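**Student:** Sequence lines, in order, name chains A and B.
Going from the first sequence to the working numbering is simple: count from 1 and add 951.
Going from the second sequence to the working numbering is simple: count from 1 and add 176.
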Amino acid sequence: MIRSILFLSILVLTGCGVKESKNTESENSELVTNEFTTVDSLGIPIYKFDELEPLLNKKDDKIYIINFWATWCAPCIKELPYFEKINQQGKTNNWEVILVSLDMPSMWKSKLIPFIRTKNLQSEVVVLNDPDQNSWIPKIDKNWSGSIPATLIYNRNKRKFYEQAFTYEMLNKELREFK
Amino acid sequence: MKYLLVNLVLITVFLSHKGYLKDIDKGYGIGDYATDFSLPDINGERVSLADFKDSKGYLVIFTCNTCPYAIAYEDRIIALDKKYKIKGVPVIAINPNDPDLQPADDVQHMKKRAIDKGFTFPYLVDEKQEIFPQYGATKTPHVYLLEKTEKGNVVRYIGTIDDNYSNASAVRTKYVENAVDAMLKGEEISLTTTRAIGCSIKSRKR
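Right, dumping it as structure tokens:
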């Protein structure tokens, strides 16, 4: 009897411990150099965490989809078109996508800006450049280990954080919960 | 007895939904005993923690050839090994990525990287991708400081190396060094977990 109780409990437990799927594409290998870029020449905002924070806590009636990505992160690049597609539907659905790039300073001019131009990204792109990551990662979500892609969806009533890659369908399904 | 069964199942459901039990499959926490392993290095020779008979602990670092953060920390990982191996805490680097998904993380590339950079520590292949999930590593680089005790290897610190990936000379807090120093002195480690951005581990299973 005890055995069957244990067995059942284990069944229940494993059932609840469903893992979120992780994307499995490979990343481009990148070498880090120490060449720095001036902020003005980029034409997109470069934020420290305290400057980004207001974007994560707006109190209007919109749904905000905040995606943390980088050009060197292949699973991020793969899911980016889904976020762009969602952003296109923003007016009718009262939501907005903000793409927070974690590209390193050495990559802003050489990778990030060309990427935004070539892909003609329509969502708002901001750069978060705050190397003391341990100070701000837990403020975005207490369970975020720091791997990307990662996404925060929130409105004034609800917020949910996803340390995972999305498909278009998954993203749509999550957004329905916020409507 | 039936009621007992139903109750137990209900309690389990309640607990797991409340999140009390949901971290069970997320790897080690501070104070847990970490598993040993037998993984091939870049020359195909198997390496285990138990091989280091005189060590006082280990810096098990999940890292790879390809992630910009792993590359940014390479020199600092070598420096950690040089500094602490002689004090009994060697670096053991493990590449957790599936080379089918990340070809530049295959063993040939690992070997080249280790030789080019002059790695002073074993660089191991998580060949079945069974070790990183047990530890709970999610990204590269991801550091686990273990203390060797009579009962096993206890996890003392989990996280990142320091507070500035982009500029080693601008670092204010050396998390890993502080943790190892405290451990070796038998003192309490003041900061036992830290977070940093990293590249998600490439795996089909997860």
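Here a beta-carbon is modelled for each residue, glycine too, at the ideal position from N, C-alpha and C.
Just so we're clear, the structure is a prediction, and the values are computed from it rather than from any experiment.
Is Ala269 (chain B) close to chain A, meaning its C-beta is less than 9 Å from at least one C-beta of that chain?
**Tutor:** Answer no: the Cβ-Cβ gap between Ala269 (chain B) and chain A never drops below 9 Å.
**Student:** Please list, in chain order, the chain B residues whose beta carbon lies closer than 8 Å to that of Asn1085 (chain A).
**Tutor:** Chain B residues near Asn1085 (chain A): Gly335, Thr336, Asp339, Tyr351, Thr370, Arg371 and Ala372.
**Student:** Using the Cα positions of Phe1129 (chain A) and Val1051 (chain A), report the straight-line distance between them to the nearest angstrom.
**Tutor:** If you take the alpha carbons of Phe1129 (chain A) and Val1051 (chain A), they lie about 21 Å apart.
**Student:** The segment 238-251 of chain B: which residues have C-beta closer than 8 Å to a C-beta of chain A, in chain order?
**Tutor:** From the segment 238-251 of chain B, only Asn241, Thr242, Cys243, Pro244, Ile247 and Ala248 have a Cβ closer than 8 Å to chain A.
**Student:** Put Arg371 (chain B) into one of helix, strand or coil per three-state DSSP.
**Tutor:** Residue state, collapsed to three classes: coil.
**Student:** At 9 Å on the CB atoms, spell out the chain B contacts of Met1055 (chain A), in chain order.
**Tutor:** Near Met1055 (chain A) (Cβ distances below 9 Å), the residues of chain B are Pro244, Tyr245, Ala248, Tyr341 and Ser342.
**Student:** How many Å lie between Thr370 (chain B) and Asp339 (chain B) at the Cα?
**Tutor:** Computed Cα separation, rounded: 9 Å.
**Student:** Using a Cβ-Cβ cut-off of 7 Å (strictly less than) and excluding sequence neighbours within five positions of Ala290 (chain B), which residues of its own chain qualify?
**Tutor:** If we look at Ala290 (chain B) and ignore the five residues flanking it on each side, its Cβ neighbours are Ile218 and Tyr299.
**Student:** Starting from the Cα of Ile237 (chain B), find the closest Cα among B:Ile247, B:Asp230 and B:Lys229 and give me that residue.
**Tutor:** The option with the nearest alpha carbon to Ile237 (chain B) is B:Ile247.
**Student:** Counting contacts by CB-CB distance shorter than 9 Å, is Met1058 (chain A) in contact with chain B?
**Tutor:** Answer yes: the Cβ-Cβ gap between Met1058 (chain A) and chain B drops below 9 Å somewhere.
**Student:** Could you tell me which whole alpha helix (DSSP H) segments of length 4 or greater appear in the segment 267-334 of chain B?
**Tutor:** If we require 4 residues or more, the alpha helix (DSSP H) runs fully inside the segment 267-334 of chain B come out as 283-293 and 307-311.
**Student:** Name, please, each residue of chain A whose Cβ falls closer than 7 Å to the Cβ of Ser376 (chain B).
**Tutor:** Chain A residues near Ser376 (chain B): Lys973, Pro1026, Ser1098 and Ile1099.
**Student:** Counting only the same chain and skipping the five closest in sequence on each side, list residues whose C-beta sits under 8 Å from that of Ser214 (chain B).
**Tutor:** Counting only Cβ-Cβ distances below 8 Å, and skipping sequence neighbours, we find Arg222, Val223 and Ser224.
**Student:** Using a Cβ-Cβ cutoff of 8 Å, what residues of the segment 1067-1096 of chain A are near chain B? List them in chain order.
**Tutor:** Listed by position, the residues of the segment 1067-1096 of chain A near chain B (Cβ gap below 8 Å) are Pro1082, Asp1083, Gln1084, Asn1085, Ser1086, Ile1088, Pro1089, Trp1095 and Ser1096.
**Student:** Quick one: which chain B residues come within Cβ less than 7 Å of Trp1023 (chain A)?
**Tutor:** Within chain B, the residues near Trp1023 (chain A) are Pro244.
**Student:** Put Tyr341 (chain B) into one of helix, strand or coil per three-state DSSP.
**Tutor:** Three-state DSSP puts Tyr341 (chain B) in coil, outside helix and strand.
**Student:** Below 7 Å on C-beta distance, what does Thr314 (chain B) contact in chain A?
**Tutor:** Result: Ser1096 and Ser1098.
**Student:** Taking 9 Å as the threshold (beta carbon to beta carbon), is Glu1030 (chain A) in contact with chain B?
**Tutor:** No, its Cβ sits nowhere closer than 9 Å to a Cβ of chain B.
**Student:** Using a Cβ-Cβ distance under 9 Å, would Glu1002 (chain A) count as near chain B?
**Tutor:** No, Glu1002 (chain A) does not count as interfacial toward chain B.
**Student:** Let's test the definition: count the other Cβ atoms within 10 Å of the Cβ of Asn1071 (chain A) and tell me whether it reaches 16, buried, or not, exposed.
**Tutor:** Its Cβ having fewer than 16 others within 10 Å, Asn1071 (chain A) is exposed.
**Student:** When the Cα of Ile1049 (chain A) is compared with those of A:Leu1007, A:Asp1012, A:Arg1127 and A:Ser1086, which residue comes out closest?
**Tutor:** Out of A:Leu1007, A:Asp1012, A:Arg1127 and A:Ser1086, A:Leu1007 has the C-alpha closest to the C-alpha of Ile1049 (chain A).
**Student:** Would you tell me roughly how many angstroms separate the C-alpha atoms of Asp1001 (chain A) and Leu321 (chain B), rounded to the nearest one?
**Tutor:** Straight-line Cα distance between these residues: approximately 31 Å.
**Student:** Determine the closest residue to Glu1120 (chain A) out of A:Tyr1015, A:Trp1023 and A:Lys1036, with distance taken between C-alpha atoms.
**Tutor:** Cα-wise, what sits closest to Glu1120 (chain A) is A:Lys1036.
**Student:** Can you check whether the CB of Ala1101 (chain A) is closer than 9 Å to the CB of Gln1115 (chain A)?
**Tutor:** Yes, these two residues count as a Cβ contact at 9 Å.
**Student:** Looking at the C-beta of Glu1114 (chain A), does it have a partner C-beta in chain B at a distance below 9 Å?
**Tutor:** Chain B, which has a Cβ nearer than 9 Å to the Cβ of Glu1114 (chain A), makes this yes.
**Student:** Starting from the Cα of Leu410 (chain B), find the closest Cα among B:Thr211, B:Lys202 and B:Leu235 and give me that residue.
**Tutor:** What is shown of chain B runs 177 to 382, which leaves residue 410 (chain B) out entirely.
**Student:** Given that a residue counts as buried once 16 or more other Cβ atoms are within 10 Å of its Cβ, and exposed if not, what is Asp1054 (chain A)?
**Tutor:** Buried is the call here.
**Student:** Express the C-alpha separation of Tyr249 (chain B) and Phe228 (chain B) in angstroms, rounding to a whole number.
**Tutor:** About 24 Å.
**Student:** At least one CB of chain A closer than 9 Å to the CB of Ala346 (chain B): is that the case?
**Tutor:** Yes, Ala346 (chain B) lies at the interface with chain A (some Cβ there is under 9 Å from its Cβ).
**Student:** Alpha helix (DSSP H) containing Ala246 (chain B): first to last residue?
**Tutor:** Segment Pro244 to Lys261, the alpha helix (DSSP H) holding Ala246 (chain B).
**Student:** Could you tell me if Gly1097 (chain A) is buried or exposed, where buried requires 16 or more neighbouring beta carbons within 10 angstroms of its beta carbon?
**Tutor:** Buried: at least 16 other Cβ atoms inside 10 Å.
**Student:** What separation, rounded to the nearest whole angstrom, lies between the Cα atoms of Thr1118 (chain A) and Pro1032 (chain A)?
**Tutor:** Taking the straight line from one Cα to the other gives about 10 Å.
**Student:** With DSSP as the reference, label Gly233 (chain B) as helix, strand or coil.
**Tutor:** Three-state result, Gly233 (chain B): strand.
**Student:** As a quick exercise: from B:Gly207, B:Tyr245 and B:Thr211, pick the residue whose alpha carbon is nearest that of Ser376 (chain B).
**Tutor:** If we check each option's Cα against that of Ser376 (chain B), B:Tyr245 comes out closest.
**Student:** Are the beta-carbon atoms of Ile1088 (chain A) and Ile373 (chain B) separated by less than 9 Å?
**Tutor:** The answer is yes: Cβ separation under 9 Å.
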